[in-house]
Amino acid sequence: MEIVNFTPWTALAGGALIGLAASVLALGSGRIAGISGIAGGLFLHGTADRAWRVAFLAGLVAAPWLLSVAGWPGVRPALPPDTFSATTLIVAGLLVGLGTRLANGCTSGHGVCGLARLSPRSLVAVMVFMSTAALTTGVVRHLWS
Amino acid sequence: MRQNTSPLLIATGSGLLFGIGLIVAGMHDPAKVLGFLDLAGAWDPSLAFVMIGAIGVALLPFQWLKRRGHDLAGQPVAFPSGQRLADPALLAGSVLFGIGWGLAGICPGPAIVDIAQGWGPALRFGIGLLAGFVLYAGLKRR
């Protein structure tokens with residue numbers, strides 16, 4: 034197995050910032066920084082606490098702008114925009130949207146916050162979605178095309 | 036007791052840090068995520084290091100909060116609890132999420148960061164993501 038594009042320092046630093054973000058929200062408001070829950074929760078009928086969700090998403094949305102202004106390279110993804118068809122992208126989005134809500138979490142909710150909490154449920158979720166994702170990528174990249 | 040504006044400031048600050056972290060880590064780029072998920076041939080371990088960095092920082096605060104039971108403002112922590120270890124929704128949802136994530140290497144956080152930049156693929160993904168959120172909310176209502 035050949036190692037390519039490995040960026041250990043920015044990965045650790047970026048990860049630490051994500052961990053810090055989750056810690057700030059938990060310590061300051063007792064909430065889980067799970068993006069699927071924060072964004073998806075806006076669509077639930079009868080959600081009372083919309084304001085903090087919008088505030089969080091506003092911060093998230095401001096990040097690429099802030100980093101662009103600061104001159105950070107690579108704010109725009111390197112993946113060629115025509116890699117996936119619109120159909121593939123929409124189907125992927127639908128699966129992610131529905132799946133994360135059913136599972137009550139995603140890579141941030143279960144992966145970061147859940148594992149930091151040492152939640153057995155999150156460990157199960159992470160093991161299932163990680164292995165499923167790796168299998169899917171492998172099949173699509175090496176068997177399908 | 037803090038007034039109402041403070042929780043919104045905390046939320047915005049957290050979101051901003053989160054988004055910066057995602058971009059610095061390169062996780063907003065599906066190429067980097069797929070490079071990790073594709074275990075055959077050339078492999079990029081970076082995502083694992085992102086998780087190590089994130090959990091490394093968050094572990095102690097979360098453990099402390101778990102024991103304490105309430106946040107710094109004195110409010111009870113809203114951590115999910117009392118559910119079965121692995122119910123059908125968790126398992127089925129994780130499988131669906133895994134397939135979707137494995138297809139294009141995009142999950143909710145990166146999707147939003149890239150939609151914010153007007154990146155084409157994320158906008159298309161976003162249509163599906165929105166549909167998924169709305170569909171779930173509709174199912175929940177019944």
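Top line first, the protein sequences correspond to chains A and B.
Using my numbering, read the first sequence as starting at 34 and increasing by one per residue.
Using my numbering, read the second sequence as starting at 36 and increasing by one per residue.
Just so it is clear, CB atoms sit at the ideal spot from N, CA and C, and this is done for glycine as well.
How big is the Cα-Cα spacing for residue i and residue j?
i, j, result
"residue 112/A", "residue 157/B", "11 Å"
"residue 38/B", "residue 108/B", "In this prediction, residue 38/B scores a pLDDT of 49, lower than 50, which makes its location untrustworthy; the coordinate-derived value is nonetheless stated afterwards. Distance between the alpha carbons of residue 38/B and residue 108/B: 10 Å."
"residue 159/A", "residue 57/A", "23 Å"
"residue 34/A", "residue 82/B", "17 Å"
"residue 73/B", "residue 44/B", "38 Å"
"residue 39/A", "residue 107/A", "15 Å"
"residue 157/A", "residue 168/A", "17 Å"
"residue 52/B", "residue 149/A", "18 Å"
"residue 54/B", "residue 85/B", "13 Å"
"residue 100/B", "residue 91/A", "26 Å"
"residue 171/B", "residue 134/A", "7 Å"
"residue 69/B", "residue 143/B", "15 Å"
"residue 128/B", "residue 177/B", "18 Å"
"residue 87/A", "residue 155/B", "23 Å"
"residue 147/B", "residue 147/A", "21 Å"
"residue 162/A", "residue 131/B", "8 Å"
"residue 126/A", "residue 159/B", "8 Å"
"residue 61/B", "residue 47/B", "21 Å"
"residue 141/B", "residue 136/A", "17 Å"
"residue 37/A", "residue 84/A", "42 Å"
"residue 41/A", "residue 89/B", "13 Å"
"residue 143/A", "residue 71/A", "13 Å"
"residue 115/B", "residue 155/A", "10 Å"
"residue 42/B", "residue 80/B", "36 Å"
"residue 49/B", "residue 89/A", "7 Å"
"residue 77/A", "residue 46/A", "34 Å"
"residue 77/B", "residue 67/B", "12 Å"
"residue 36/B", "residue 63/A", "Legend: pLDDT at residue 36/B = 44, less than 50; position of this residue unreliable, value from coordinates given subsequently. One C-alpha to the other measures close to 15 Å."
"residue 113/B", "residue 176/A", "43 Å"
Report the CB separation of residue i from residue j in whole angstroms; it is logged as a contact under 8 Å.
i, j, result
"residue 87/B", "residue 48/A", "6 Å"
"residue 162/B", "residue 68/A", "Between residue 68/A and residue 162/B the Cβ distance is about 17 Å, and since that is not below 8 Å, they are no contact."
"residue 110/A", "residue 64/B", "4 Å"
"residue 104/B", "residue 111/B", "6 Å"
"residue 136/B", "residue 59/A", "The pair is not a contact, with the Cβ atoms about 24 Å apart (cut-off 8 Å)."
"residue 166/B", "residue 130/A", "6 Å"
"residue 114/A", "residue 58/B", "18 Å between Cβ atoms; not a contact."
"residue 168/B", "residue 73/A", "4 Å"
"residue 55/A", "residue 44/A", "Rounded, the Cβ-Cβ distance is 16 Å, inconsistent with contact."
"residue 173/A", "residue 138/B", "6 Å"
"residue 171/A", "residue 75/B", "6 Å"
"residue 93/A", "residue 56/B", "Not really, about 10 Å apart at Cβ, beyond 8 Å."
So which residues of chain B does residue i contact, with C-beta pairs closer than 9 Å?
i, result
"residue 106/A", "Correct list: empty, because the minimum Cβ distance to chain B is about 10 Å."
Name the chain B residues that come within less than 7 Å of residue i, Cβ to Cβ?
i, result
"residue 33/A", "Here chain A covers residues 34 to 178 and nothing more, so residue 33/A does not appear."
"residue 81/A", "Residues of chain B passing the Cβ test: none, with the nearest at roughly 12 Å."
Between which two residues does the alpha helix (DSSP H) containing residue i stretch?
i, result
"residue 102/B", "81 to 103"
"residue 24/B", "No statement about residue 24/B is possible, as the shown extent of chain B runs from 36 to 177 and does not include it."
"residue 71/B", "65 to 72"
"residue 42/A", "41 to 62"
"residue 151/A", "Counting along the chain, residue 151/A falls outside any alpha helix (DSSP H), and DSSP gives it neither H nor E."
"residue 132/B", "123 to 139"
"residue 129/A", "119 to 136"
"residue 85/A", "84 to 102"
"residue 147/B", "143 to 151"
"residue 72/A", "68 to 73"
What does residue i reach in chain A if we use C-beta pairs closer than 8 Å?
i, result
"residue 102/B", "The premise fails here: residue 102/B is roughly 11 Å from chain A at the closest Cβ pair, so nothing lies under 8 Å."
"residue 176/B", "78"
In chain B, which residues lie less than 8 Å from residue i when you measure between Cβ atoms?
i, result
"residue 102/A", "Correct list: empty, because the minimum Cβ distance to chain B is about 12 Å."
"residue 119/A", "159"
Contacting positions in the stretch 85 to 99 of chain A - beta carbon closer than 9 Å to chain B: For the stretch 85 to 99 of chain A, the beta-carbon criterion of a distance under 9 Å to any beta-carbon of chain B is satisfied by 85, 86, 87, 88, 89, 90, 91, 92, 93, 94, 95, 96, 97, 98 and 99.
message: Under 8 Å, CB to CB, which of the residues in the stretch 38 to 57 of chain A have a partner in chain B?
response: Within the stretch 38 to 57 of chain A, the residues whose Cβ lies closer than 8 Å to some Cβ of chain B are 38, 39, 40, 41, 43, 44, 45, 46, 47, 48, 49, 50, 51, 52, 53, 54, 55, 56 and 57, listed in chain order.
field: Members of the stretch 56 to 74 of chain A near chain B, C-beta cut-off 8 Å
entry: Taking 8 Å as the Cβ-Cβ cut-off against chain B, the residues of the stretch 56 to 74 of chain A that qualify are 56, 57, 58, 59, 60, 61, 62, 63, 64, 65, 66, 68, 69, 72 and 73.
message: To be precise: take each residue of the stretch 105 to 121 of chain B, compare its Cβ to all Cβ atoms of chain A, and keep it if any distance is under 9 Å. Which residues remain?
response: So the close ones are 105, 106, 107, 108, 110, 111, 112, 113, 114, 115, 116, 118, 119, 120 and 121.
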